[in-house]
Amino acid sequence: MADATTSSITIDAAPEAVMAVIADFEAYPEWADQVKTVEVVEPGKSRAERVKFSMDAGPIKDSYTLDYDWAADDRSVSWVLVKGQIQKAQTGSYTLDSASAAGPTTVTYSLAVDLNIPMIGMLRRKAEKVIIDTALKGLKRRVERG
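Numbering (this note's numbering), first residue to last: 11 to 156.
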């Protein structure tokens with residue numbers, strides 16, 4: 011698996027408000043620009059455990075399924091690829107850090123993707139960075155909008 015690309019953003023909200031938006035998969039097409047459709051395949055007891063996505067990130071278009079692992083303290087979530095069309099591996103995580111329960115919250119997004127098609131490492135990392143930065147800005151807008 012390739013090295014992960016990581017970026018952070020500060021959101022003016024409590025960690026639970028941020029995590030609620032992250033966990034609301036059905037709403038992703040409204041704020042995550044690359045995500046076109048979402049289907050929760052396995053709802054889990056409190057949060058989705060398996061989710062199918064279709065995305066269009068310019069040169070990368072894919073339909074893929076991820077398995078999610080939610081931290082007990084509700085301050086992080088990680089995922090791994092179960093199935094993809096052009097992806098052969100994906101790992102990622104959101105980690106939330108806040109000095110107080112009321113926020114603000116620093117969200118760190120980490121992502122590593124391996125494709126079934128050859129791609130120079132530098133281009134892969136640039137694509138990951140665009141995906142991460144777009145997702146973090148969309149998440150910030152969505153959470154702060156309320």
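By construction, the Cβ of each residue, glycine as well, lies at the ideal position given by its N, Cα and C atoms.
Checklist line | Three-way DSSP call (helix, strand, coil) for I19 in this model | finding: strand
Margin query: Which residue wins for smallest C-alpha separation from Q95, given the options Y104, Y74 and A23?
Written below: Y74
Margin query: Less than 9 Å between the C-beta atoms of V117 and T101, yes or no?
Written below: no
Notebook entry, point to check: Looking only at its own chain, which residues have a Cβ that is under 6 Å from the Cβ of R60, when we skip the five neighbours before and after it?
Noted result: V51, E52 and D77
Notebook entry, point to check: Taking the alpha-carbon positions, what's the A58 to A27 distance?
Noted result: Using only the alpha carbons, I get a separation of about 17 Å.
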